[in-house]
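Note that this note's numbering has the sequence shown beginning at 17, numbered continuously upward.
Shown next, in structure tokens, is the structure this report addresses.
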Amino acid sequence: MVKVSVLGSIATDMNEIIIVNLIFTLLYQNIGLVLIIVTGQRVWNQILLLNVLLARLYNGILIQPCRDTLRTLKNLQRMVVKNPVQIKMLSVLPVGSYMLPMFMTLSVSYIIVMLQFGHVV
């Protein structure tokens with residue numbers, strides 16, 4: 017009977033080590049995701065600021081119009097609006113701060129499921 021309890025405690029310790037290892041791995045990956053999400057949001061904010069600055073510059077140049085400069089600036093503004101710079105995930109989803117709660121919810125539910133399986137096994 018003593019051997020069974022020792023083996024049982026070793027198995028329990030191994031399950032706890034595996035669960036803790038998985039939780040730390042998941043948290044480590046989420047830190048990387050948070051950095052990517054924050055960077056994507058900052059890029060998007062700068063693009064919005066660029067649109068505002070181009071509009072202000074265009075309005076400022078209207079005071080003393082030069083047709084070539086106005087045309088070039090208007091074309092640049094159209095290009096920025098039509099093709100915004102974005103960081104995309106899987107070439108489809110633009111990365112932004114709206115993804116942070118989604119990834120955190122998935123991570124927390126994954127951790128809860130892992131902890132429940134740790135007690136079952």
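Where a beta carbon is used, it is the ideal one built from N, C-alpha and C, also for glycine.
Around the C-beta of residue i, are 16 or more other C-beta atoms found within 10 angstroms, so that it is buried, or is it exposed?
i	result
V111	buried
M30	exposed
V20	Here the model assigns V20 a pLDDT of 46, short of 50, so the residue's position is not dependable, and the following value carries that caveat. By the neighbour-count rule (16 or more Cβ atoms within 10 Å), V20 is not buried but exposed.
Within this structure, are the beta carbons of residue i and residue j separated by less than 8 Å?
i	j	result
I113	I63	Residue 113 is actually Ser in this sequence, not Ile. Result no, Cβ atoms of S113 and I63 do not sit closer than 8 Å.
T55	I103	yes
S125	N46	no
Going by C-alpha to C-alpha distance, which of the options sits closest to residue i?
i	options	result
R72	I35, L89, Q102 and L49	L89
V97	I33, V129, L78 and W60	W60
G91	L106, I79, S107 and N67	For the sequence presented, residue 91 should be read as Asn rather than Gly. Closest by alpha carbon: N67.
R94	L70, M115 and P117	L70
In this structure, what does DSSP give as the bridge partners for residue i?
i	result
K104	P110
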